[in-house]
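Heads up: the sequence shown is residues 11 to 296, going by the numbering used here.
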Amino acid sequence: MIDRRELLEMAARVNLNPHIVEKDYVLGWVLAGIYAHAELAETWLFKGGTCLKKCFFETYRFSEDLDFTLLDPSHLDEAFLKRVFGEIGAWVYEQSGIELPAGSQDFELFENPRGGISCQGKLSYQGPVSPTRPLPRIKLDLTGDERVVLPPVRVPIFHPYSDHPGQNIEVLAYDYTEAFAEKFRALAERTRPRDLYDVIHLYRNVEARPDPARFVEVLRAKCEFKGIGLPQMADLEPHRAELAGGWANMLNHQLPALLPVDAFWDVLPEIFGWLLGAAAPSPQAA
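This is the structure we're talking about:
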């Protein structure tokens with residue numbers, strides 16, 4: 011395991027709570043364990059905010075959960091999950107010294123709104139700076155009936171710590187365009203602060219910005235699967251006050267400095283224009 015001082019120094023550099031940085035460190039090793047497991051490596055698709063941070067943007071908001079679409083729905087079984095994560099925990103401890111106590115792992119299966127089975131898991135861990143009681147936890151969101159539109163991509167993750175394995179930690183993840191479309195669909199469905207932050211951040215990444223027609227095609231498929239129409243600016247307006255009210259509470263601890271919500275909300279009309287084929291304005295200087 012890396013020395014406690016390394017995490018404290020990293021936390022000081024990025025101006026964040028050491029426990030947030032420690033969780034990012036542990037997330038990297040849990041991902042390594044999942045994709046080192048023969049039964050999961052080819053069927054678990056990494057997605058969500060932590061995927062954006064770990065796979066596409068090293069300088070991004072720190073995220074705290076692991077979200078996956080499972081190509082083999084039979085994996086949504088409590089006994090199976092406890093077995094494989096017991097094995098993953100043993101592998102992670104052997105490789106890094108991080109403890110993932112098998113007795114503190116919990117997997118709750120439930121029926122999702124589409125009538126399929128999903129799972130919320132919790133993995134306790136003991137790292138270099140975490141307290142011994144209660145142990146901090148990582149949340150897993152597992153779904154077996156999501157619609158995957160584009161072929162997944164195998165990519166290395168960012169793990170900026172001295173115990174990075176000799177070979178890169180690689181994961182099977184959503185294609186960038188699909189990850190962007192999934193976030194846009196989530197913004198329309200629930201309009202949470204982190205969804206707005208992510209959508210604007212992805213849009214501002216001009217070099218990787220997808221073709222708008224292709225993006226709308228993927229977004230439409232994601233929305234149809236959820237039974238909703240393509241997002242419209244008018245759909246988001248009623249949620250503006252609630253979103254602004256939760257902005258700081260949800261994001262402050264994940265970023266060294268958080269811009270006000272209006273700096274993100276005010277970009278939405280430009281994005282909707284881009285979706286309709288309007289030329290995006292030239293990016294401002296950083």
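We put the CB at the ideal spot given by N, CA and C, even for glycine.
A quick note: this is a predicted structure, and the numbers were derived from the prediction, not measured.
With respect to the beta strand (DSSP E) encompassing residue i, which residues constitute its N-terminal and C-terminal limits?
{"i": "Gly131", "result": "127-134"}
{"i": "Ala183", "result": "180-183"}
{"i": "Arg164", "result": "163-166"}
{"i": "Glu118", "result": "115-121"}
{"i": "Leu55", "result": "54-57"}
Between which two residues does the alpha helix (DSSP H) harbouring residue i extend?
{"i": "Pro279", "result": "278-285"}
{"i": "Glu247", "result": "Taken as a continuous stretch (DSSP letters only), Glu247 belongs to no alpha helix (DSSP H), as it is neither H nor E."}
{"i": "Ala196", "result": "186-200"}
{"i": "Phe225", "result": "222-236"}
{"i": "Gly38", "result": "28-45"}
{"i": "Val24", "result": "14-24"}
Rounding to the nearest angstrom, what Cα-Cα distance links residue i and residue j in this structure?
{"i": "Ala289", "j": "Leu37", "result": "Unreliable placement is indicated for Ala289, whose pLDDT of 49 sits below 50; the coordinate value is still reported in the next sentence. Taking the straight line joining both Cα atoms gives about 38 Å."}
{"i": "Gly10", "j": "Gly58", "result": "The first residue shown for the chain is 11 and the last is 296, placing residue 10 beyond what the model contains."}
{"i": "Val2", "j": "Phe78", "result": "The displayed coordinates of the chain run from 11 to 296. Any statement about residue 2 would go beyond what the structure contains."}
{"i": "Tyr70", "j": "Leu265", "result": "8 Å"}
{"i": "Ser114", "j": "Pro166", "result": "29 Å"}
{"i": "Gln136", "j": "Ala112", "result": "12 Å"}
{"i": "Glu97", "j": "Thr60", "result": "23 Å"}
{"i": "Ala296", "j": "Gly287", "result": "At Ala296, the pLDDT of 49 sits below 50, so the modelled position is not reliable and the matter cannot be decided from this model."}
{"i": "Arg202", "j": "Leu253", "result": "6 Å"}
{"i": "Phe282", "j": "Gly125", "result": "32 Å"}
{"i": "Pro28", "j": "Leu18", "result": "6 Å"}
{"i": "Ile44", "j": "Lys132", "result": "14 Å"}
{"i": "Val277", "j": "His47", "result": "42 Å"}
Who pairs with residue i in a beta bridge, going by DSSP?
{"i": "Lys92", "result": "Lys92 pairs with nothing; no bridge assigned."}
{"i": "Asp77", "result": "Lys57, Asp151"}
{"i": "Glu109", "result": "Gln136"}
Skipping 5 residues on each side, what residues in its chain have a beta carbon closer than 8 Å to that of residue i?
{"i": "Leu80", "result": "Thr53, Trp54, Leu55, Leu86, Leu152, Thr153, Gly154"}
{"i": "Glu16", "result": "Pro138, Tyr171, Ser172"}
{"i": "Asn122", "result": "Ser128, Thr153, Asp155"}
Which residues in the same chain have their Cβ closer than 6 Å to the Cβ of residue i, if we skip the five residues on either side of it in sequence?
{"i": "Ala196", "result": "Asp205"}
{"i": "Lys236", "result": "none"}
{"i": "Arg164", "result": "Glu180, Leu182"}
{"i": "Leu91", "result": "Phe117"}
{"i": "Val209", "result": "Lys193, Phe194, Leu197"}
For residue i and chain B, any beta-carbon pair shorter than 8 Å?
{"i": "Glu121", "result": "Annotation note: the requested chain B is absent from the structure, which comprises a single protein chain."}
Note down, in chain order, each residue of its chain lying with its Cβ closer than 7 Å to the Cβ of residue i, except the 5 sequence neighbours on either side.
{"i": "Leu268", "result": "Ala258, Leu261, Asn262"}
{"i": "Leu26", "result": "Phe72, Pro266"}
{"i": "Asp245", "result": "Ala198"}
I want to know whether the stretch 42-53 touches the stretch 138-157 - three or more CB-CB distances under 8 Å.
no
Does the stretch 187-201 come close enough to the stretch 232-245 to have 3 or more Cβ pairs within less than 8 Å?
yes
Do the stretch 166-181 and the stretch 63-74 meet, that is, are 3 or more Cβ pairs less than 8 Å apart?
yes
How do the stretch 24-42 and the stretch 155-175 stand: do at least 3 beta-carbon pairs fall below 8 Å, yes or no?
yes
Does the stretch 213-230 come close enough to the stretch 91-106 that 3 or more CB-CB pairs lie under 8 Å?
no
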